[in-house]
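Colleague: Chains V and S, in that order, give the protein sequences. Under our numbering, the first sequence has 368 at position 144, and the numbering climbs by one with no breaks. Under our numbering, the second sequence has 49 at position 33, and the numbering climbs by one with no breaks. The beta carbon of each residue, even a glycine, is placed where N, CA and C say it ideally should be. Here you go, one structure.
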Amino acid sequence: MDILKVNNVSKKYTGHLALDNVSLTIPEGTIYGLLGPNGAGKTTLIRIINHITAPDTGSVEFMGHPLTANDVVNIGYLPEERGLYKKMRVGEQALFFAKLKGLKTKEATAELRKWFDRFGISDWWNRKVEELSKGMAQKVQFIVTVLHRPKLLIFDEPFSGFDPINADLLKNEILRLRDEGATVIFSTHNMESVEALCDNITLINRSHNILSGNVNEIRQEMGKGRYSLSFEGDPQNLLNALGDRVIDHTFTSEVNSPVTNAKLLLKPDATIRQTLALANDAVDIVSFDRALPSMNEIFIQTVKNNEQ
Amino acid sequence: MNNNLGIIVRREFMERVGKKSFIFTTLLMPVLMLLLMAMPALIAIFSTPSDKTVAVNDLSGYVMQVLKNADISHLTFVSVDESADSALSNTDYYGVLSIPADIVEHPSSATLFLHESGSVETESTISELIRQAVRDQRMRAYDIENLNQILEETNVDVNLQTVRIDESGETENTSSAVSFGIGMFMTFLLYMFLLMYGQLVMTSIIEEKNNRVLELVVSSVKPVYLMLGKIFGVGLVAIVQIVIWGVLLCAMSAFLLPALMPAEVTQQVAMFNAGEMATGAEALDPSLLNALSIFSSVGYIAKLFAFILIFLIGGFLFYASIFAAIGSAVDNIQDASQLTSFAVIPIIIGLVVGMTVGNDPNSTLAFWASLIPFTSPMVMLMRVPFGIPSWEIWLSVVVLYASFIAMVWLAAKIYRIGIFMYGKKPSMRDLIRWARYK
């Protein structure tokens, strides 16, 4: 089942189109990457999903019905730019946010205690927020985002400001929440974490959805005909042997080693069996593998193609 | 959702009322205000003017008589025959007054020579005395019998006691001076509150926007409710403060004033309230009696505070909406200063018109200025103590509250766009454009 459907949404701000006919579908229980360069329209889309602003045209469906203000209690949103009331105490403030999401004081306190224990921050309860470091405050913000067990979680750059240890802690919490049934929308510029976490992605550039789909399928699709070959011998022999099967190639040689690494882009009809046989006659093969592009490469390539 | 409004209001309220500074100002402000009111009297008591001797060269022959008989504290007149120049060389004299022989024909020909800069009070005292002398002399020219006795008897002090008859036909002792004082106090109090708490709403919105806590809050609460919550929460703080002051003042008037007032004063106040006037040497100035009568009437004070509350709530909600819209649009207080004038200037105009209206509370200006919501809270509070028809008061209240609703609606439209706008310093035109978005 799809938890969220965005249908042909457009949003205009004073003379500038923030979103132009954007559609996407988010399956329940998955982690969905929302990617795109700065100013592409991601934050606007997130605000629309969060019912903070309304789209000019198009519609948003949440759990099968049109999104309303009442659905906000089923959504948890951790914005990229986030802060807390400085003068309030940590526990008091966490309770304030929990109550805004409809929790009763008693159950909110119990839940909060649990989360504070898990994050090892129980002794912060009575401290003022202004005494916390940035990373500490981020932990509190994360907790108040997920506390009410929302069905849909939206994280905008959740790892910024965290050291690697805490980033890992957070990553595991996000995966755990997904395993418990929550759906996660994950917006970030960190493509490694997209590969590690996301099932599906949408890439937004200049207000348009320019790429949507399953991460593995996209990488397979974009990686068609791409192979990496390491060998000893003359690169020219290899190219001669493969002939017009090769569309594009790059060679890099390793320092203090006779091995050359080749990145090859082959014609779609070239099979691995044939190619390996031909290459095997020309040079001494050390290794051969499919070369799946990283999300980073896909991001850069797709955005560049889109802007041409 | 309405439940969330309550949560926001509560947070805003507790954040401010819990502070030490709130408790401090709430309890200390009345003391400071009393001190401020008592200041002129205290200054008068502690700064007694130095004794001055004025040499008088009286060529007319009768002005000196009046000067000598006048019982003016700190001022003695000595008759001298020398010219002004030689008398001035004697530095014991504060100054030399030269009265020409034809002072009756030319009353403006008297001259006062001084060593140092003069004082307004001394000069006006001396001219008044000369005026008396010339007047008496001119009357004597008519050769009336028993003139001195007649002059003595006709010299009276008048204190006008005003009795206002209200709509129900009941009479009420009023003194315009006292009404003016009370109106002034209420107008100024409201002015202070509107500015102080209005700007508090603005700065606190700017702060929320600046440290981005707003982004977190609007994910659970509609921006409109966040704005309303802030306005209501801060407004509640203002109300609590006014109520505390009202209760303090009522308590003072009920317990402290009777305990402090001398018995005969209490008696006179009672007589005054009964519509009689004490006569004789012991009688107090009616204005003072009027003031005392008001300050010892708990009901009247409570009524005044009820009016303050009604206009404070309406005026605050109206102006706080404007301040909220401005706060949402800017990134920092520096950027706000220009836009703030759109809210501050009408408040100041309200104060100024209010003070002017005190001279004539039933003028056309007074009527219209107490209908226009920008000025009505201040102007109306000035007029209320004078006892204007109640339909005018209620009409003003209805207009004010209706305008508040319209203003909140407009402010909310600006707010929901403004809070997400960073960077560019907005102009009034931007705000109007945002308000037009659907």
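#1: How would you write the range of the beta strand (DSSP E) that glycine 467/V sits in, first residue to last?
#2: Check whether the Cβ of serine 195/S lies closer than 9 Å to any Cβ atom in chain V.
#3: Put glycine 300/V into one of helix, strand or coil per three-state DSSP.
#4: Any Cβ of chain S within less than 9 Å of the Cβ of phenylalanine 383/V?
#5: Please report the distance separating the alpha-carbon of isoleucine 448/S from that of isoleucine 430/S.
#6: Is there a C-beta anywhere in chain S that falls below 9 Å from the one on proline 303/V?
#7: Tell me which residues share the same chain as tryptophan 348/V and place their Cβ nearer than 6 Å to its Cβ, disregarding the 5 neighbours each side in the sequence.
#8: From leucine 51/S to leucine 308/S, what distance separates their C-alpha atoms?
#9: Looking at C-beta atoms only, is the number of pairs between the region 273-293 of chain V and the region 436-455 of chain V that lie closer than 8 Å three or more?
#10: Can a CB atom of chain S be found closer than 9 Å to the CB of glutamine 365/V?
#11: Is it right to say threonine 474/V is buried, meaning 16 or more other beta carbons lie within 10 angstroms of its own, or is it exposed?
#12: On the three-state DSSP scale, how would you describe arginine 514/V?
#13: If the cut is a Cβ gap below 9 Å, which residues of chain V does leucine 232/S touch?
#14: Does chain S have any CB closer than 9 Å to the CB of glycine 457/V?
#15: Over the uninterrupted alpha helix (DSSP H) stretch that includes threonine 267/V, give me the two end residues.
#16: So, are the CB atoms of alanine 515/V and alanine 465/V less than 9 Å apart?
#17: Cα-Cα, which of Leu276/S, Ser269/S, Glu139/S, Gly343/S is closest to lysine 225/S?
#18: Take methionine 437/S and list the residues in its own chain whose beta-carbon comes closer than 7 Å to its own, dropping the five residues that flank it on each side.
#19: Just how far apart, CA to CA, sit leucine 411/S and isoleucine 258/S?
#20: According to the neighbour-count rule (16 or more other Cβ atoms, all chains shown, within 10 Å of its Cβ), is glutamate 478/V buried or exposed?
#21: Count the other CB atoms, across all protein chains shown, that sit within 10 Å of the CB of threonine 292/V; report buried if there are 16 or more and exposed otherwise.
#22: Just the C-alpha distance for asparagine 19/S and leucine 376/V, rounded to the nearest angstrom, thanks.
#23: Which bits of chain V does lysine 238/S rub up against, with CB to CB less than 7 Å?
#24: Where does proline 440/S land, buried or exposed, given buried means 16+ other C-beta within 10 angstroms?
#25: Is there a C-beta anywhere in chain S that falls below 9 Å from the one on valine 314/V?
#26: When you compare each of Gly300/V, Met287/V, Thr407/V to glycine 257/V by their alpha carbons, which one comes out closest?
#27: On the three-state DSSP scale, how would you describe serine 379/S?
#28: Less than 9 Å between the C-beta atoms of glycine 385/V and glutamine 362/V, yes or no?
#29: In angstroms with no decimal places, state the Cα-to-Cα distance between alanine 279/S and methionine 287/S.
#30: With burial defined as no fewer than 16 other Cβ atoms inside 10 Å of the residue's Cβ, what is the status of valine 414/S: buried or exposed?
Modeller: Straight from the coordinates:
#1: Here glycine 467/V belongs to no beta strand (DSSP E), and DSSP marks it neither H nor E.
#2: no
#3: strand
#4: No, phenylalanine 383/V lies away from the interface with chain S (no Cβ there is under 9 Å from its Cβ).
#5: The alpha-carbon atoms of isoleucine 448/S and isoleucine 430/S are separated by roughly 8 Å.
#6: yes
#7: Val314
#8: 17 Å
#9: no
#10: yes
#11: Answer is exposed; the Cβ neighbour count stays below 16.
#12: In the displayed model, arginine 514/V falls within a strand according to three-state DSSP.
#13: Tyr301, Leu302, Pro303, Arg306, Gly307, Leu308, Phe321, Gln365, Val368, Thr369
#14: no
#15: 266-273
#16: no
#17: Nearest C-alpha to lysine 225/S: Gly343/S.
#18: Once the five neighbours on either side are set aside, the close Cβ partners of methionine 437/S are Ala345.
#19: 24 Å
#20: The residue in question, glutamate 478/V, is exposed, as its Cβ has fewer than 16 Cβ neighbours within 10 Å.
#21: exposed
#22: The straight-line gap from Cα to Cα measures roughly 22 Å.
#23: Ala293
#24: Checking the displayed sequence, the identity of residue 440/S turns out to be lysine instead of proline. Lysine 440/S is exposed by the Cβ-count criterion.
#25: Not one beta carbon of chain S lies nearer than 9 Å to the beta carbon of valine 314/V.
#26: Considering only alpha carbons, the answer is Thr407/V.
#27: coil
#28: In contact: glycine 385/V and glutamine 362/V (Cβ atoms closer than 9 Å).
#29: Rounded to the nearest whole angstrom, the CA to CA distance from alanine 279/S to methionine 287/S is 12 Å.
#30: exposed
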